[in-house]
Structure formats: C-alpha cells, structure tokens
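Have a look at the structure below, then the notes.
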Amino acid sequence: MEDGLKCPKCGSEHVYQDGMLWICPECAHEWNPQAEGAAGAEAAADQGVRDANGNVLSDGDSVTVIKDLKVKGSSLVVKGGTKVKNIRLVDGADGHNIACKIDGIGAMNLKSEFVKKA
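Numbering of the sequence shown is given in UniProt numbering, commencing with residue 1 and proceeding in unit increments.
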C-alpha cells in the first residue's frame, strides 16, 4: 500500500491497488490517481482570470474598477466606477494580471480582484 494515499470519496486509508486502479473496500470507490491528477491540472488551467464577481475575463474585454485605487509612486487615484476598455491579460508575478490604459492616467497594471466585467 502506498503511504499517504486516501480514498477521495470517503477519506479511508484502507485502499489497495488492482492493476491501474485503486480501490476503497469501505465505499467501493475505484479511481486512477494519474488520470485524476491530469484532469485536475487541465481544469485549473481552464479557470483563467476572473473578476471580483467570478466572471471569466479575456483579452479585449471592458471592465469597471470597483473601488478607489491609489497609483503607486504618484498622487493619482483611479476612482471607483472608472471604465477601462480593451484590457490585456498578462502573467504578472506580483498579482497584477491585467494590463490596460486608463484615460487621464496612462498605461498601468491592475489586479483582477478590483474590477468587474462591464
């Protein structure tokens, strides 16, 4: 028996392998850990970037800022309700996953948790 492997349905530690499948004798659940791991990774990749309400965002969408945001290194503030058009999704290491241009402020990056899809 593999250490640390538990039944995903009931959590029982008493599981055994039969060919490629693992079987739980307590709830009769059968599963393949390799297939479930690959499916879980694909599902996580399909999640994409979501706004504050949970809507999936894509390149070219228009969003609305939901609260006042201070612009770092400046005295400017992006007011709540500001509409931002034609966003680009980027992989920001610091959590800023939206690149955009805001009228009156210029190019900047935003976190998706502070916007909602317009």
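Idealized CB from N, CA, C, for every residue including glycine.
In the DSSP assignment, residue 107 falls within the unbroken beta strand (DSSP E) covering 106-110.
Going by DSSP, residue 115 is part of the beta strand (DSSP E) stretching over 115-117. In this structure, the straight-line span from the alpha carbon of residue 28 to that of residue 21 is close to 12 Å. DSSP, reduced to helix, strand and coil, places residue 99 within a strand of the structure shown. Per the C-alpha coordinates, the member of 12, 31, 84 positioned closest to residue 117 is 84. Residue 87 has no beta-bridge partner at all, per DSSP. Ranking 60, 69, 11, 109 by CA distance to the CA of residue 93 puts 109 first.
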